[in-house]
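Protein sequence lines correspond, in order, to chains E and C. This note's numbering runs 6 ahead of the 1-based position in the first sequence. This note's numbering runs 984 ahead of the 1-based position in the second sequence.
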Amino acid sequence: MLSFIGRSIIQKIITLFFVMVVSFLIIHLAPGEPSQVDPLNPKFTPEMVERFREAFHLDEPLHVQFVYFYRDLFTGKTVSWKDNEPVLKKIGERFLNSLPLFIVGTILTWTLAFPIGIRSAIARGGVYDRSATFVSYLLYSIPGFFFAYILILLVVNAFHVPVIGMQTFGFGDVSLLRSIMDRVWHLLLPSVLGATVGIAVLSRYVRSQMLEVESQDYVRTAKAKGLPPEQVHYKHALRNALLPFVTMFGLILPGLIGGSVIIESIFSWPGMGRMAYEAILARDYPIILSVNFISAVLVLAGTFISDCLYMVVDPRIRL
Amino acid sequence: MKKTDTHTLHKDTGLEEGPLVPRESRVREFWRLLKPNKLALAGLIIFVFFFFIALTGLVLTSGNRPVFDPAMVRLQEKLRPPFSEPRLEDLRPEEIPTLGIYLLGTDDLGRDVFSRMLQGAWVSSTVGFVAVGIAVLIGIVMGGISGYFGRNPVRVDHILVAFIVSLGGGLMVAGALFSGGVLLLIGCAYILSPLWWRKVLGKQSAPRLMRFLYKDTLSIDTLIMRLVDIMLCFPVFFLILTVVALLPASMYNIMIVIGLTSWMGTTRFVRAELLSLREQDFVTAAKALGVSDWRIIFRHMIPNAMAPVLVSATIGIASAILIEAGLSFLGFGVPPPHATWGNILSDGKRFIFDAPWLTFIPGFAILIVVLAFNLFGEGLRDVLNPKLRERY
């Protein structure tokens, strides 16, 4: 166990290093340069460009820039090229905005996907199962932005509530209850949209896991003993089908930072995804690279956690 | 095989049917298995239909004087709803739509949405197919190498040569032609050197320096799988968005970037299949016959490993179309002279209240096509995987 943990941590660190190198190269070898983003701006004189290049080490060779960048990132000194704000502070603010979306979306996904999946596995081949299958494919296939517009039209027309942004603009002096309701309405649509793909995928996965377990011998034995169906399904089958999902707690970790670019830009939600999008538009390399780095760390940490959890919950796996 | 033949064979061999002849041809077996799965069947029909639409779209909307001109601007006819008649008195003869009616309406510049959708079908499907083609190609080659040669170690000199060649190439691209060229030449000379090396040295043992170069480091399998791990660490849509935004806008860049970022699944499938196929008797037999390695991989093993690749390719086309639509929506998609379903939708979203058809027609078109690809892909998975057959 300990040797597995040690080996896997070393491996992940090596992987992370190469991710750092690759993302740095992708960004810096692409044609064009951040100092030329706005050549028509009269304030951007050649001296300014020169000063800019020097301040951000842009005139150094690539490998020196690499060292400078990651040294700054690890000591927390990296600043955005656009407004000289510390990158970590900016990411932190945006992260707090994306967090409610992530939490509500995750809760929706997990609370809806399980009942749907389990029920369609138990009633396999029936009307419920077939329609649930179809709907989950539908949700999986619908382009997020298109679905967003359909939902916006429906909700705005039916309930006459504002949905764009984090809260209604200039809504300062109203009662607490109204402002909370306002927040909830604004939160609802983007998190539902963020959860749709998750619900579709996870409910299919739950269904197939459930079917796998339902065809095992011990479930047949339990049925043959004459146990009531609820006990067979929920006590014998479900508990064993849950095994792989414990590990998925690790895999939702990357979703923390990967706030959806498209959904956040439709709803003008000032979250991570939107910040990353704005950074790409402005060629703000430090932010792009930091977001990339943090999400790579989260992916690696997530897989590590899920490996460890798997070893804890499944005694058959001993590495 | 005719019925009488089967009958005589039955007499000769005492078997239920002829010993070597399969009961039914592959296509018929495929059809028999697919038929009960109504959703997958519908997916296949839409898939074929979409393919024909895309082909006719290419034929009818390209050329100097296309039958349906997707770029014809008629400002006096903007935002007409679907099925509306053109106002003939305002139009010059060449501006009159071919069908005599705006079948799907017009957009904010008065362009015929029907023609644009036709062209978009071709562009979207090209993006999907080419991107997935690139991904599958890389996946098969990487997975094939990793699954078949996986146990072979990578030697120190391999790493050095790869480093020198890539450095040389990088320098050439960056502009240092001379030093880059020299490095490339050294690398190529080293790669080609074994051809005459053996003649000069015979079978002598290598000198001490050489022995350091021939030291084993890690296996090819480990190398490729770590590469897959590295690629999986990137947030895919964000990476594609970054690269597409930094590169000059063009349809080819989008295809290539989507292809280069989605080969990891295929690699893993192919590798897993080849690892088990490698131990099978027909591969040993082929080796014993002296068939070359690459022929074994591509002629004997890959065809046996195609099932999961086909499934993931079908689903991959769907997701490539979705990614392209998403990029177009954010303004980084296929640039304007080409219409794609994504950019028809993203242009039309400003008029969602005045001209909802501009949002809903491309939206539903994308939805239906992607849904068809997904359903067909899942059906294909069930058909091609005998283990899953009973369960569904």
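Just so it is clear, CB atoms sit at the ideal spot from N, CA and C, and this is done for glycine as well.
{"Asked": "Leu1393 (chain C) - containing beta strand (DSSP E), residue span", "Found": "This structure cannot speak to residue 1393 (chain C), because chain C is shown only from 985 to 1376."}
{"Asked": "Best match in C:Asn1327, C:Val1353, C:Val1354 and C:Met1248 for proximity to Asp1091 (chain C) [C-alpha to C-alpha]", "Found": "C:Asn1327"}
{"Asked": "Identity of the residue in C:Ala1291, C:Ile1143 and C:Leu1155 nearest Phe1196 (chain C) by Cα", "Found": "C:Ile1143"}
{"Asked": "Short CB-CB distance (under 8 Å) between Val1212 (chain C) and chain E", "Found": "no"}
{"Asked": "Asp1096 (chain C) - DSSP class collapsed to helix/strand/coil", "Found": "strand"}
{"Asked": "Expected contact under 8 Å - CB spacing of Lys18 (chain E) and Leu262 (chain E) to nearest Å", "Found": "The pair is not a contact, with the Cβ atoms about 17 Å apart (cut-off 8 Å)."}
{"Asked": "Touch test, the stretch 1288-1307 of chain C against the stretch 1105-1114 of chain C, Cβ-Cβ under 8 Å, three pairs minimum", "Found": "yes"}
{"Asked": "Buried versus exposed, by CB contacts within 10 Å (16 or more), Phe1033 (chain C)", "Found": "exposed"}
{"Asked": "Length of the line joining the Cα atoms of Glu66 (chain E) and Leu1151 (chain C)", "Found": "18 Å"}
{"Asked": "Lys1138 (chain C) (DSSP reduced to helix, strand or coil)", "Found": "The identity of residue 1138 (chain C) in the sequence shown is Val, whereas the question assumes Lys. Correct three-state label for Val1138 (chain C): strand."}
{"Asked": "Cβ separation of Asn327 (chain E) and Ser29 (chain E), assumed to be a contact under 8 Å, to the nearest whole Å", "Found": "Beyond the ends of chain E as shown, which are 7 and 325, falls residue 327 (chain E); an answer cannot be given."}
{"Asked": "Buried/exposed call for Asp290 (chain E), threshold 16 Cβ in 10 Å", "Found": "buried"}
{"Asked": "Cβ-Cβ separation, Val1254 (chain C) to Leu1207 (chain C) (assumed contact under 8 Å), whole Å", "Found": "Between Val1254 (chain C) and Leu1207 (chain C) the Cβ distance is about 16 Å, and since that is not below 8 Å, they are no contact."}
{"Asked": "Residues, ordered as in the chain, of the stretch 1333-1357 of chain C that lie near chain E by beta-carbon distance below 7 Å", "Found": "Lys1333, Ile1336, Thr1343, Gly1347, Ile1350, Leu1351, Val1354 and Leu1355"}
{"Asked": "Contacts that Ala36 (chain E) makes with chain C (C-beta to C-beta distance below 8 Å)", "Found": "Val1227, Leu1230 and Leu1231"}
{"Asked": "Runs of beta strand (DSSP E) lying entirely within the stretch 239-275 of chain E, each at least 3 residues, in chain order", "Found": "none"}
{"Asked": "Interface residues of chain E facing Cys1217 (chain C) [CB-CB closer than 7 Å]", "Found": "Thr21, Val25, Ala302, Val305 and Leu306"}
{"Asked": "Residues within the stretch 1086-1106 of chain C neighbouring chain E, beta-carbon criterion of under 8 Å", "Found": "none"}
{"Asked": "Cβ contact (3+ pairs, closer than 8 Å) linking the stretch 1025-1039 of chain C and the stretch 1052-1060 of chain C", "Found": "no"}
{"Asked": "Supposed contact pair Thr1226 (chain C) and Ile294 (chain E) - C-beta distance, whole angstroms, cut 8 Å", "Found": "6 Å"}
{"Asked": "Gly1128 (chain C) beta carbon less than 8 Å from that of Ile1286 (chain C)", "Found": "yes"}
{"Asked": "Bridge partners - Thr1090 (chain C), DSSP secondary structure assignment", "Found": "C:Asp1096"}
{"Asked": "DSSP state of Pro52 (chain E) mapped onto helix, strand, coil", "Found": "helix"}
{"Asked": "Reduced DSSP category for Val1275 (chain C) - H, G, I as helix; E, B as strand; rest coil", "Found": "coil"}
{"Asked": "Anticipated Cβ contact below 8 Å, Ala1323 (chain C) with Leu1063 (chain C), distance rounded", "Found": "Between Leu1063 (chain C) and Ala1323 (chain C) the Cβ distance is about 17 Å, and since that is not below 8 Å, they are no contact."}
{"Asked": "Inter-residue spacing [alpha-carbon to alpha-carbon] between Arg1389 (chain C) and Phe1360 (chain C)", "Found": "No information on residue 1389 (chain C) is available, as it lies outside the stretch 985 to 1376 that chain C covers here."}
{"Asked": "Cβ-based burial, Pro260 (chain E) [other Cβ within 10 Å; buried from 16]", "Found": "buried"}
{"Asked": "For Pro106 (chain E), the first and last residue of its enclosing alpha helix (DSSP H)", "Found": "Val93 to Ile128"}
{"Asked": "Beta-carbon spacing of Pro292 (chain E), Trp87 (chain E) below 8 Å", "Found": "yes"}
{"Asked": "Contacting positions in the stretch 281-296 of chain E - beta carbon closer than 8 Å to chain C", "Found": "Ala282, Tyr283, Ile286, Leu287, Arg289 and Ile294"}
{"Asked": "Same chain, Cβ closer than 7 Å to Ala1119 (chain C), neighbours up to 5 away in sequence not counted", "Found": "Gly1243, Ser1246, Trp1247, Thr1250 and Gly1300"}
{"Asked": "Spatially closest choice to Thr139 (chain E) from E:Leu233, E:Ile205 and E:Lys231, by CA coordinates", "Found": "E:Ile205"}
{"Asked": "Between the CA atoms of Val1293 (chain C) and Leu249 (chain E) - distance to the nearest angstrom", "Found": "28 Å"}
{"Asked": "Contact list for Ala1291 (chain C) against chain E, beta-carbon separation under 9 Å", "Found": "Those do not exist, as Ala1291 (chain C) stays about 18 Å from chain E at its closest Cβ, beyond 9 Å."}
{"Asked": "Euclidean distance between Cα positions of Ser266 (chain E) and Leu1216 (chain C)", "Found": "18 Å"}
{"Asked": "8 Å Cβ cutoff, Leu1042 (chain C) in contact with chain E", "Found": "no"}
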